[in-house]
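In what follows, a structure is listed as structure tokens, so that the remarks can point back to it.
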Amino acid sequence: MRYININGYRPTGWQKKADQQLKRLRLCADSLQRSIYLDTAANKIWNEHKRYFERLSHNKCWFSEARASVSDYAIEHFRPKKRIDLIKSKDGYSECRTATDTNGYWWLSYELENLRLAAYKPNQLKGTYFPLETGSSIARELDNSWRKEKFMLLDPCVKSDTKLITYDGQKPIEADTNPLSVEHIRARISINLYGLERIQRLKTARAIVLQHSKNYYNEALGNWTAMNINRGINHEAYQLAKTGFANNCGYIISMLRPDKEFTSMVLAFLKGMNKQWIRDYIIENAESKRYV
């Protein structure tokens with residue numbers, strides 16, 4: 000998961016349209032009428048943001064870092080707009096809510112800050128789940144109290160949240176190893192509800208990228224070793240290895256570009272190798288280019 004910065008995105012004319020839609024939505028008598036209203040194609044104006052959101056993430060799902068080749072995109076309402084189901088069938092965490100909320104965050108249906116870009120399958124699996132931390136306040140309708148909630152799902156638009164998932168090979172895991180910490184539990188719930196380890200096409204795509212990373216790493220390691228063996232002894236062999244090493248590092252750095260898939264996994268793999276030359280020649284270069 001990479002950080003997606005949507006701060007400052009305020010398209011011209013959007014707020015007026017959103018206010019008009021919300022005004023009509025408020026006239027609905029109950030949750031059933033609201034559901035019908037929100038399901039009407041003409042009222043799904045949140046889809047207007049899809050193209051811009053795709054550009055923000057270089058055409059990748061905000062939750063999985065996968066391209067549309069894995070699944071199509073949908074505008075995701077981070078806080079569900081129709082109802083909120085309990086996660087008890089998916090995870091044993093004792094969330095704040097004790098019963099299904101049949102209203103959802105309907106008043107945030109047209110709130111820009113509540114919109115995300117998700118691949119179809121993660122969006123479908125997340126569904127209407129939105130667990131809150133034990134002891135969290137619960138939002139009231141039609142005010143800003145939702146901003147004070149302590150939500151459990153990791154949000155790609157919160158930079159600190161994107162650091163809570165790492166990888167063991169191609170498998171997403173909790174970055175915080177303490178199973179009792181809120182950070183660990185949030186990552187565990189998110190990996191499950193976003194389907195990061197359940198979608199086979201996603202797992203296959205990650206495995207392919209990881210294998211490319213390993214291949215480049217092994218070639219770089221070989222050339223690094225040859226450089227050190229031949230330094231000051233065999234100039235021709237040293238220069239050949241040096242050129243190869245520079246090329247290998249360049250390939251790996253390119254895999255960390257924001258427009259590439261699964262960059263968080265690649266970075267976790269590199270850090271896991273625990274080599275100083277990786278830090279010096281790859282990670283620091285990627286950081287200087289603002290890739291990571």
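Following numbering that gives the first Met the number 0, the numbering of the sequence shown begins with 0 at its first residue and continues without gaps.
Ideal Cβ placement from N, Cα and C applies to all residues, glycine included.
Predicted model, so just to flag it, every value in this text is computed and none were measured.
Coil, strand or helix - residue i by DSSP
i, result
"Asp279", "helix"
"Arg115", "strand"
"His48", "helix"
"Leu124", "helix"
"Phe268", "helix"
"Asp71", "coil"
"Ile83", "strand"
"Asp18", "helix"
"Asp29", "coil"
"Thr203", "helix"
"Leu192", "helix"
"Arg139", "coil"
"Lys197", "Note on identity: in this sequence residue 197 is Arg, with Lys being the wrong assignment. Residue state, collapsed to three classes: coil."
"Asp90", "coil"
"Tyr2", "coil"
"Tyr36", "helix"
Close Cβ partners of residue i (< 6 Å) along its chain, the five nearest in sequence each way excluded
i, result
"Phe77", "Asn113 and Arg115"
"Ala206", "Gln169"
"Ile184", "Tyr92"
"Arg256", "Tyr290"
Which residues DSSP lists as bridging residue i, in chain order
i, result
"Ile164", "Glu173"
"Ala186", "DSSP lists no partner for Ala186."
"His76", "Leu114"
"Arg66", "Lys59"
"Leu131", "Phe150"
"Asp100", "Ile83"
Cutoff 7 Å; reference residue i; Cβ partners in own chain excluding five residues on either side
i, result
"Phe261", "Glu64, Arg205 and Val208"
"Ala73", "Ala117, Tyr119 and Asn122"
"Asn222", "Ala240, Gly243, Phe244 and Asn247"
Any non-hydrogen atom of the ligand SAH closer than 7 Å to residue i Cβ
i, result
"Leu131", "The ligand SAH is not part of the structure shown, which contains no ligands of any sort."
Residues near residue i in its chain [Cβ-Cβ closer than 8 Å; skip 5 each side]
i, result
"Ile44", "Lys16, Ala17, Gln20 and Tyr109"
"Asn191", "Lys89, Asp90 and Arg197"
Give the list of continuous alpha helix (DSSP H) stretches no shorter than 4 residues that lie fully inside the segment 214-262.
Assignment of alpha helix (DSSP H) within the segment 214-262, counting only whole runs of 4 or more residues, yields 234-253 in chain order.
Kindly confirm or deny that the segment 238-253 and the segment 271-282 touch, where touching means at least three C-beta pairs closer than 8 Å.
yes
Would you call the segment 25-42 in contact with the segment 162-182, where contact means no fewer than 3 C-beta pairs closer than 8 Å?
Short answer: they don't touch.
Mind the definition here: the segment 19-34 touches the segment 86-96 only if three or more C-beta pairs lie below 8 Å; say whether that holds.
no
Check whether the segment 103-110 and the segment 126-141 touch, using three or more Cβ-Cβ pairs below 8 Å as the test.
yes
Using 8 Å as the threshold, is the segment 185-199 in touch with the segment 211-225, meaning 3 or more CB pairs across them?
Counting Cβ pairs under 8 Å, fewer than three are found: no touch.
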